[in-house]
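In the UniProt record's numbering, the protein residues as written are 1 to 566.
Notes follow once the structure below has been shown.
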Amino acid sequence: MRIRFFALAALTLLLGACTQDEVGFLPEGAEGTSIVFTATGLNPASSAIAGTRAPVDGNWTGVQSVAVLMDGTVKTYNVTPSTADPTSATLTSTDPYYWTNHNDITVTAWWPYTEGETTPPAVKVKANQSTQKDFEGSDLIVADGQTVTYGSPTLRFTHRTARVTIVLTDYTEGLASVQLTGLSTEGDNPAEITPYDKGSNTYIALVAPQSVAAGTTFITCTFTNGKTFVYKMKNATVWQAGGEYTYTVSLAAAKDLGYTIESNGSYTVTSADGLMNIAKLVNGGKTDINITLTADIDLTGKNWTPIGTSFSNKYTGTFDGGGHTIKGLTVTTNDQFVGLFGSIGYAGTVKNVMMEDVQITSNHGSGFAGGVAGFSDGTIENCSVSGSVSGTVYVGGVVGAQWNGSTTGCSSSATVKGTVYVGGVVGQTNGGATLTACYATGNVTLEIDPKKNIAGGSLVGFNGGSSLLACYATGNVTSTGSSTGKVHISGFLGDNYTTVTACYWKNNHEQGIGYKKEGTVTEVTKVDGTGVTWQKAVDAMNTALQNAGSEWRYELNGALPTLRKQ
């Protein structure tokens with residue numbers, strides 16, 4: 001029950017055995033007077049103000065007992081609501097306290113009471129308040145350190161919880177659930193609460209007092225057709241103890257954002273619109289949010305804007321595709337960073353997503369283009385790409401340029417086209433970047449920039465990272481035009497400046513590496529089908545992965561090896 005009581009205590013007295021000459025003591029002949037309280041609350045009808053509880057909350061019906069603390073001792077007092085006015089009640093005990101004189105006494109009382117408590121507990125509401133019992137049982141009322149006089153032993157109880165009321169309007173679809181979300185977990189309170197359905201499209205919940213920031217998603221409505229609507233706090237609000245806060249929500253004016261915000265602050269995406277809205281959030285400054293897909297996403301016909309559009313707003317959260325597919329991502333732009341993600345920062349991770357039938361075109365003069373990301377300093381793992389990726393300087397089937405971080409367990413069957421650094425998986429690796437257990441089967445085309453140094457290969461164009469381990473490629477590599485700069489185009493990679501271990505290729509080129517820095521160790525072997533078979537390649541790559549402590553392994557169940565994570 002919720003009570004809006006404020007308790008008035010009232011009394012009744014037996015008499016003590018003292019003389020009238022004993023100033024301050026009870027009348028002559030009394031043996032001691034038991035203390036009986038009358039508990040009530042503020043009169044809602046006469047004192048109701050905005051932000052206080054509704055009159056119905058003053059009802060003591062349903063409260064059976066309260067704890068009463070005096071002089072370090074807690075006793076249980078039974079509650080008898082007034083039949084004439086249930087907003088007041090008489091508190092009596094079979095083991096009462098007694099008046100010993102006329103002096104004022106200090107009393108603390110509370111409900112609910114758990115055996116063994118010596119002081120009122122902290123507010124801790126229930127996560128599931130869907131039943132009236134659990135809703136009412138989440139309340140905490142306290143009369144704290146109150147002075148009680150002999151002639152008028154009055155207690156005043158007040159609520160330690162706040163009450164949130166949600167009124168839904170303008171909807172016809174079946175409602176599956178309503179939840180309060182994004183709540184403070186201080187004091188071990190729940191981050192989400194299922195409210196009590198009071199009827200007439202009204203839902204009520206008791207919450208711990210707290211501040212709610214503007215923009216917090218605090219109401220989530222889920223319908224039987226799978227749609228989810230979320231509502232954000234328009235202005236910063238403080239939910240105070242004893243206050244009631246009513247929110248009338250018109251579903252006709254609501255928009256399904258296609259994502260929800262979990263209790264830990266992460267974002268769960270359920271639709272194409274949701275993913276596009278997430279991109280807006282990141283590009284608007286929320287670069288560190290964690291994102292999870294819970295469904296396949298079809299972006300066909302959508303005008304995609306990459307997540308993280310520049311070096312200044314690199315994505316630094318964790319994106320987990322959950323093994324789902326994003327289909328039909330299409331973008332043609334003059335922007336510099338293009339892909340599902342434009343730019344991924346050091347702390348960023350993108351994993352477990354399959355990009356199907358992407359159509360990516362970047363016309364920027366110094367562009368970065370990739371199926372998963374245009375540029376990355378972070379981690380890319382267990383991603384695949386099909387379709388086509390076209391750009392200028394840095395172009396790869398998975399990522400245009402990986403300058404630090406890692407690309408691991410990824411594959412691409414996309415056709416790739418660029419002008420300077422072009423590769424089936426990565427256009428360029430540099431810095432501390434590692435490339436491990438990746439493969440490409442799509443064709444690579446270089447439309448050579450006439451004034452630049454050129455590096456192209458079926459796996460990597462320019463390999464200047466820290467290591468390249470257990471990768472293979474089979475796409476043909478072709479080129480058009482010429483350059484006044486150096487041109488290195490080969491079957492596996494164009495330019496190499498680091499160690500290459502247990503890597504293989506098979507395509508229209510006889511040479512695996514166009515240029516390698518003197519002194520670098522390069523294990524790049526062409527699969528000819530006789531002396532070197534794909535089974536031998538798989539065995540060698542798996543040995544290298546095992547020696548490196550990687551969880552990734554190749555298996556040969558068809559014409560070409562595929563990857564799995566142990």
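Backbone N, C-alpha and C fix where the C-beta goes; we use that ideal spot for every residue, glycine too.
Range covered by the beta strand (DSSP E) that runs through residue i
i, result
"Q210", "210-212"
"N78", "73-81"
"G465", "G465 -> no beta strand (DSSP E), and no H or E assigned at all."
"Y554", "552-555"
"S93", "Looking at the DSSP string, S93 is not in any beta strand (DSSP E), and its letter there is neither H nor E."
"Q336", "From DSSP, Q336 is part of no beta strand (DSSP E); its letter is neither H nor E."
"A401", "399-402"
"Y171", "Counting along the chain, Y171 falls outside any beta strand (DSSP E), and DSSP gives it neither H nor E."
"F218", "217-223"
Span separating the alpha-carbon of residue i from that of residue j
i, j, result
"V350", "T533", "33 Å"
"N103", "S34", "14 Å"
"K232", "G345", "29 Å"
"H488", "T294", "43 Å"
"S490", "G457", "5 Å"
"N128", "S184", "16 Å"
"N277", "A437", "33 Å"
"G465", "T498", "7 Å"
"T228", "D298", "18 Å"
"K234", "Y394", "43 Å"
"T246", "F319", "36 Å"
"L251", "G285", "28 Å"
"G348", "D288", "8 Å"
"T119", "G322", "48 Å"
"K314", "D377", "9 Å"
"S406", "G308", "18 Å"
"I503", "S177", "Correcting the residue type first, residue 503 is Cys in the shown sequence and not Ile. Rounded to the nearest angstrom, the two C-alpha atoms are 53 Å apart."
"Q132", "D71", "35 Å"
Candidates the options, of which the one nearest residue i by Cα
i, options, result
"T199", "L168, P209, F218", "What sits at residue 199 in the sequence shown is Gly, not Thr. Per the Cα distances, L168."
"H159", "L293, I289, G242, A109", "G242"
"D296", "A122, G328, P306", "G328"
"N264", "K280, I278, L251, T292", "T292"
"G374", "E381, T499, D335", "D335"
"C431", "K417, S138, A401, E447", "Reading off the sequence, residue 431 comes out as Gly, not Cys. If we check each option's Cα against that of G431, A401 comes out closest."
"V338", "T318, K124, G62, G367", "G367"
"T80", "N101, D95, G116, V36", "V36"
"V399", "V460, N443, L446", "V460"
"A208", "T217, G174, S138, G151", "S138"
C-beta atoms of residue i and residue j nearer than 8 Å
i, j, result
"A433", "N453", "no"
"T392", "V420", "yes"
"F462", "Q511", "no"
"T237", "V212", "yes"
"T220", "Q179", "yes"
"N303", "Y267", "no"
"V389", "G370", "yes"
"G424", "G397", "yes"
Extent of the continuous alpha helix (DSSP H) run through residue i
i, result
"G387", "No alpha helix (DSSP H) holds G387; the beta strand (DSSP E) holding it covers 379-390."
"L545", "534-547"
Reduced DSSP secondary structure (H/G/I, E/B, other) of residue i
i, result
"Q129", "coil"
"I448", "coil"
"T268", "strand"
"M233", "coil"
"L560", "coil"
"V358", "strand"
"V425", "coil"
"S34", "strand"
"E136", "helix"
"A9", "No answer about A9 holds up, because its pLDDT of 31 lies below 50 and its placement is not dependable."
"T278", "Just to set this straight, residue 278 is Ile in the shown sequence, not Thr. Three-state result, I278: helix."
"D85", "coil"
"E244", "strand"
"Y472", "strand"
"E186", "helix"
"S483", "coil"
"N283", "helix"
"residue 585", "The question about residue 585 has no answer, for the chain in this structure spans 1 to 566."
Near the ligand GDP: residue i beta-carbon under 7 Å from a heavy atom
i, result
"G348", "This structure lacks the ligand GDP, and indeed carries no ligand of any kind."
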